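Q: A single structure is presented below for examination.
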Amino acid sequence: FSLRFVGYWYRRRSEVLKGSFIPAKMATTKHKLKVSLLDYGAGNVRSVRNAILAAGYELHDITSPEEIEKAEVIVFPGVGSFGSAMTILHQKGYDEPLRKYLANHDRPYLGIC
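Residue numbers for the sequence shown follow the UniProt record's numbering, beginning at 1 and rising by one.
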């Protein structure tokens with residue numbers, strides 16, 4: 001999996017980074033894109049975490065629902081059973097903050113199915 005789309009989208013939408021897409025580890029800007037990973041107990045989070053770090057991005061693990069609002073980019077790993085994933089998100093209080101984040105179309109995210 002690659003974060004190229006997220007990086008490309010972010011650079012096009014943000015005044016912080018301008019120009020054509022370049023991988024984070026080759027970027028010459030002082031701002032390093034911080035990718036927030038929503039680990040809610042489902043999905044292959046270890047592989048996703050390794051891919052984010054290998055791409056050269058700064059990684060932040062979301063540990064509370066309040067952190068979702070502050071995220072620059074959210075990576076949201078999926079799982080085979082949508083119903084059980086939604087139950088976990090609701091129990092941990094992530095469902096509403098995540099819904100609000102996704103409703104704001106100027107905020108990038110990567111949902112993995």
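The beta-carbon is built from N, C-alpha and C at its ideal position, and this holds for glycine as well.
Because the structure is a prediction, the values reported are computed rather than measured.
According to the neighbour-count rule (16 or more other Cβ atoms, all chains shown, within 10 Å of its Cβ), is Leu98 buried or exposed?
A: By 1-based counting over the sequence shown, the position of residue 98 is 98. Classification of Leu98: buried, given that the 10 Å Cβ count is 16 or more.
Q: Quick one: grab the DSSP three-state call for Val48.
A: Sequence index remark: in the sequence shown, residue 48 carries index 48 (1-based). In this structure, Val48 counts as helix in the three-state DSSP scheme.
Q: So within the UniProt domain "Glutamine amidotransferase" (37-113), which uninterrupted alpha helix (DSSP H) runs reach at least 4 residues, ignoring any that extend past its ends?
A: With a minimum length of 4 residues, the continuous alpha helix (DSSP H) runs that stay inside the UniProt domain "Glutamine amidotransferase" (37-113) are 45-54, 66-70, 82-92 and 95-103.
Q: Determine which residues share a DSSP beta bridge with Lys34 and list them.
A: Residue mapping note: residue 34 aligns to position 34 of the sequence shown, counting from 1. Bridge partners of Lys34: Glu58.
Q: On the CB-based measure, 16 or more other CB atoms within 10 Å of its CB, does Ala71 come out buried or exposed?
A: Here residue 71 corresponds to residue number 71 of the sequence shown, with the count starting at 1. Buried is the call here.
Q: Taking the Cβ atom as the reference point for each residue, do Leu37 and Ile62 lie within a distance shorter than 8 Å?
A: Here residue 37 refers to the residue found at position 37 of the sequence shown. Here residue 62 refers to the residue found at position 62 of the sequence shown. Contact: yes.
Q: Are Tyr40 and Ile74 touching if we call contact CB-CB under 8 Å?
A: Taking the first residue of the sequence shown as 1, we reach residue 40 at position 40. Taking the first residue of the sequence shown as 1, we reach residue 74 at position 74. Result no, Cβ atoms of Tyr40 and Ile74 do not sit closer than 8 Å.
Q: Could you check if Ala55 is buried or exposed, using at least 16 other CB atoms within 10 Å of its CB as the buried criterion?
A: The residue given as residue 55 occupies position 55 in the sequence shown. It is buried - the Cβ of Ala55 has at least 16 other Cβ atoms within 10 Å.
Q: Between Arg107 and Tyr101, what straight-line distance do the alpha-carbon atoms span, to the nearest angstrom?
A: As a first step, residue 107 is located in the sequence shown; it is residue number 107 there, counting from the start. As a first step, residue 101 is located in the sequence shown; it is residue number 101 there, counting from the start. Cα to Cα, the separation comes out at about 7 Å.
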